[in-house]
Amino acid sequence: MLRPVLRGRATVAGFFIVVALFAVALLAPWLAPHDPALVDPASSFASPSVAHWLGTDNLGRDVLSRLVYGARWSLGIVVVATALIMSMGVAVGVVAGYTGGLLDDVLMRLVDTVLSVPTLLLGLAIVGTLGPGIGSMTIGLASIWWVGYARVVRGLVLALRERGFVDAARALGASDSRIVLVHIMPSVLPSVAVLASLEMGELILAISGLSFLGLGVQPPTPEWGAMLNDGRSFFFTAPQLVLYPGLVITTAVLGFNLLGDGFRDALDPVDASRLVRSGT
Numbered sequence: 399m400l401r402p403v404l405r406g407r408a409t410v411a412g413f414f415i416v417v418a419l420f421a422v423a424l425l426a427p428w429l430a431p432h433d434p435a436l437v438d439p440a441s442s443f444a445s446p447s448v449a450h451w452l453g454t455d456n457l458g459r460d461v462l463s464r465l466v467y468g469a470r471w472s473l474g475i476v477v478v479a480t481a482l483i484m485s486m487g488v489a490v491g492v493v494a495g496y497t498g499g500l501l502d503d504v505l506m507r508l509v510d511t512v513l514s515v516p517t518l519l520l521g522l523a524i525v526g527t528l529g530p531g532i533g534s535m536t537i538g539l540a541s542i543w544w545v546g547y548a549r550v551v552r553g554l555v556l557a558l559r560e561r562g563f564v565d566a567a568r569a570l571g572a573s574d575s576r577i578v579l580v581h582i583m584p585s586v587l588p589s590v591a592v593l594a595s596l597e598m599g600e601l602i603l604a605i606s607g608l609s610f611l612g613l614g615v616q617p618p619t620p621e622w623g624a625m626l627n628d629g630r631s632f633f634f635t636a637p638q639l640v641l642y643p644g645l646v647i648t649t650a651v652l653g654f655n656l657l658g659d660g661f662r663d664a665l666d667p668v669d670a671s672r673l674v675r676s677g678t
């Protein structure tokens with residue numbers, strides 16, 4: 399299954415980056431040399447050593463351990479948010495595309511309205527209203543990110559519902575739910591998977607950005623964006639506190655983008671990502 403996807407070197411590199419990050423997240427308790435929340439003021443701003451490979455932060459916490467556990471939090475939030483976004487977007491897109499009529503018009507006007515507002519700005523407004531925290535950040539991102547999926551799925555369903563195999567199933571007495579689940583969804587899911595893989599990198603940036611602004615993951619929880627926020631006050635005296643989490647975020651985004659491009663080229667010749675902001 400992966401062979402058609404892993405053709406180019408860039409895609410292979412992205413695949414190994416993503417797999418390595420998830421492996422680090424899953425094995426964090428065994429890979430981290432120290433407790434990421436352990437405070438040791440006597441060792442604050444320590445240089446890299448055998449005991450602390452990447453040094454320590456202003457509170458004496460091991461930077462490497464916090465980066466390792468940060469993968470668990472950052473990727474965990476991305477996975478949960480993506481699952482919510484896909485569920486909402488696919489449900490709305492299928493209902494709008496298959497039902498049509500007034501309901502389709504109302505749902506698509508809602509989608510257009512949300513898409514007309516900058517994503518991060520709307521996310522800031524929602525999370526700011528709900529209050530800082532992981533739950534409110536996840537809800538805020540899901541409540542604005544689903545619209546792209548809804549538009550893509552709706553466009554695909556509009557085309558699929560007119561295909562001959564759908565007409566044949568309807569003529570044989572298949573119910574609408576069976577037609578959607580058995581005949582339409584298998585053709586829709588590859589495009590949804592491509593879109594999800596492409597947008598997980600953007601979600602990591604959004605999660606890190608909200609945590610950096612103090613609206614996402616709260617201290618002392620180790621998360622890459624929160625680590626950037628913690629280290630920015632010491633940028634000129636200890637730039638590594640910003641450099642390390644910044645490099646990890648960049649690597650994660652690059653890995654997801656490279657892997658997403660491979661999925662798109664192999665599984666989705668239509669390129670569903672182009673439909674997100676089109677009028678289709």
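Under this note's numbering, residues 399 to 678 are what the sequence shown spells out, in order. For each residue, glycine too, the CB sits at the ideal point set by N, CA and C.
Go ahead and pull the three-state DSSP assignment for residue i.
i	result
Thr648	helix
Asp438	coil
Thr707	The displayed coordinates of the chain run from 399 to 678. Any statement about residue 707 would go beyond what the structure contains.
Asp460	strand
Leu673	Caution applies to Leu673, whose pLDDT of 45 falls short of 50 and renders its modelled position unreliable; the value that the coordinates give is listed next. If DSSP states are grouped into helix, strand and coil, Leu673 belongs with the helices.
Val668	Any answer about Val668 is weak, because its pLDDT of 49 lies below 50 and its placement is not dependable; what the coordinates show is given next. Three-state result, Val668: coil.
Thr409	helix
Thr635	coil
Which residue from the options puts its Cα closest to that of residue i?
i	options	result
Trp428	Val493, Thr648, Val466	Val466
Asp510	Asn456, Leu641, Trp543	Trp543
Leu419	Gly653, Ala664, Arg662	Gly653
Gly453	Val651, Asp663, Leu639, Thr648	Leu639
Met506	Leu473, Ala548, Ser534, Val515	Ala548
Ala435	Ala449, Asp455, Trp451, Asp503	Asp455
Phe443	Ser631, Thr648, Asn655	Ser631
Ala540	Ile602, Pro446, Trp451, Thr619	Ile602
Val461	Asn627, Val580, His432, Arg568	His432
Leu508	Gly491, Arg568, Ser485	Gly491
Ser445	Ala664, Val651, Thr635	Thr635
Would you kindly check if the distance between the Cβ of residue j and the Cβ of residue i is under 7 Å?
i	j	result
Gly495	Arg552	yes
Pro637	Met625	no
Ile475	Ile605	yes
Glu621	Ser609	yes
Gly521	Gly538	yes
Val615	Ile483	no
Ser463	Ala430	yes
Gly660	Thr409	yes
Leu613	Pro530	yes
Thr536	Val478	yes
Ser595	Leu657	yes
Val545	Leu513	yes
Ile577	Val564	yes
Leu473	Ala421	no
So, at 8 Å on beta carbons, what are the nonlocal neighbours of residue i in its own chain, with the 5 sequence-adjacent residues on each side left out?
i	result
Val646	Leu465, Gly468, Ala469, Trp622
Asp574	Tyr496
Ser655	One point to set straight first is that residue 655 is Asn, not Ser, in the sequence displayed. Contacts found: Gly412, Leu596, Gly599.
Leu518	Ala604, Gly607
Note down, in chain order, each residue of its chain lying with its Cβ closer than 6 Å to the Cβ of residue i, except the 5 sequence neighbours on either side.
i	result
Asp438	Gly458
Thr678	At Thr678 the pLDDT is 46, less than 50, meaning the model places this residue with poor confidence; the figure from the coordinates comes in the next sentence. For Thr678, where only same-chain residues beyond five positions count, the Cβ hits under 6 Å are Gly553.
Leu558	Ile582, Ser585
Gly629	Leu639, Val640
Asp502	Ala494
Trp451	Leu462
Less than 7 Å between C-beta atoms, sequence neighbours within five positions excluded: which residues of the same chain meet that for residue i?
i	result
Asp669	Any reading at Asp669 must be qualified, since the residue scores a pLDDT of 49, below 50, and its modelled position is unreliable; the value itself is stated next. Cβ within range, chain order: Arg662.
Val416	Gly653, Phe654, Leu657
Leu534	Looking at the sequence provided, one finds Ser at residue 534 rather than Leu. These residues qualify, in order along the chain: Val525, Leu528.
Pro618	Ala435
Thr649	Ile415
Entirely within the region 562-611 and at least 4 residues each: give me those alpha helix (DSSP H) ranges in chain order. 562-569, 583-610
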